[in-house]
Structure formats: structure tokens, C-alpha cells
Amino acid sequence: MHHLELKEALEAHYGAVLAEPPTLCQDALLVSLNNGVLLELRYPAASEYAIAWRWGDAQLRIDTAPLHRTLATFPNHLHDASDVLREDRLTHPSAEPWANVRAVIDAVLVDPLLQA
Numbered sequence: 074m075h076h077l078e079l080k081e082a083l084e085a086h087y088g089a090v091l092a093e094p095p096t097l098c099q100d101a102l103l104v105s106l107n108n109g110v111l112l113e114l115r116y117p118a119a120s121e122y123a124i125a126w127r128w129g130d131a132q133l134r135i136d137t138a139p140l141h142r143t144l145a146t147f148p149n150h151l152h153d154a155s156d157v158l159r160e161d162r163l164t165h166p167s168a169e170p171w172a173n174v175r176a177v178i179d180a181v182l183v184d185p186l187l188q189a
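Numbering-wise (my numbering), the sequence shown opens with residue 74 and increments by one.
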């Protein structure tokens with residue numbers, strides 16, 4: 074699923090919680106939610122992605138850079154608001170991009186810092 078398809082799916086599925094329409098950039102999709110979360114989705118390939126978001130001063134990111142082999146969810150991992158590296162329990166490289174994006178958005182709509 075390319076960024077344009079993700080944009081269309083986001084508008085159809087999350088229209089009521091979007092602060093504004095998603096913005097397509099050269100290699101990313103910017104999504105602003107009505108709870109103040111701003112997401113940046115980068116999906117160069119189905120199994121390679123970075124999903125970053127800001128909420129206030131906090132910045133979090135899930136990505137698949139194959140750097141942290143000790144984590145059970147390798148290669149995907151979460152950089153939390155304190156920039157601590159954690160296992161990523163929301164996404165999986167073998168899942169469809171839309172499933173991963175939905176999992177993250179559903180989670181950050183409820184708990185932007187993923188503290189629950």
C-alpha cells in the first residue's frame with residue numbers, strides 16, 4: 074500500500090478524528106489527529122517503516138531499522154517519549170501497512186504516550 078492509498082484509507086476510516094486532511098510529502102504522509110497527535114508515516118516497503126508522532130513536547134517512534142537484535146520484537150521497536158528503546162507491541166513487519174497504521178492510530182487516540 075503506497076502513501077496515496079494510505080491517505081485515502083485514513084480519510085475514509087478516520088475522517089471524524091482527523092484535525093485536517095492528511096498531507097502527502099515526497100516520501101511521507103503527515104496526519105494530524107483531533108487529540109493533538111501529529112503523525113509522520115514513512116513506508117518505503119511493506120516490511121520497512123517508520124511511524125513517528127508528536128504530542129505536545131513528547132516524540133515517539135516505531136521503526137524497523139535492524140539495529141536492536143536483543144529486543145524480542147526485532148527488527149521493529151519503539152522509541153518512547155523518554156527515548157528509551159522498547160519492544161513494539163503494536164506493529165509487525167509481516168502485517169499489511171494499513172493494519173500497522175490502524176494499530177498505531179487506534180492506540181495513540183486513547184493514549185498518545187503509550188503508557189497504559
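Even for Gly, the Cβ is constructed at its ideal location relative to N, Cα and C.
Considering only 101, 187, 181, the residue with the shortest C-alpha distance to residue 156 is 187. Rounded to whole angstroms, the separation of the alpha carbons of residue 163 and residue 173 is 7 Å.
Classified as exposed, residue 139 has fewer than 16 neighbouring CB atoms from the shown chains inside 10 Å of its CB. Burial is judged here by how many other beta carbons sit within 10 angstroms of a residue's own beta carbon; residue 170 has at least 16 and is buried. Taking 8 Å as the cut-off, the beta carbon of residue 135 is found closer than this to the beta carbon of residue 161. The shortest CA-to-CA distance from residue 129 to any of 109, 119, 144, 115 is the one to 109. Contact annotation: residue 78 and residue 95 have beta-carbon atoms that are not nearer than 8 Å.
Cα atoms of residue 182 and residue 153: separation of roughly 16 Å, rounded to the nearest angstrom. Residue 151 carries a strand assignment under DSSP once its states are collapsed to helix, strand and coil.
Counting only runs of 3 or more residues that sit fully inside the stretch 128–188, the beta strand (DSSP E) segments are 131–136, 150–152, 158–160, in chain order. Secondary structure of residue 119 (DSSP, three-state): coil.
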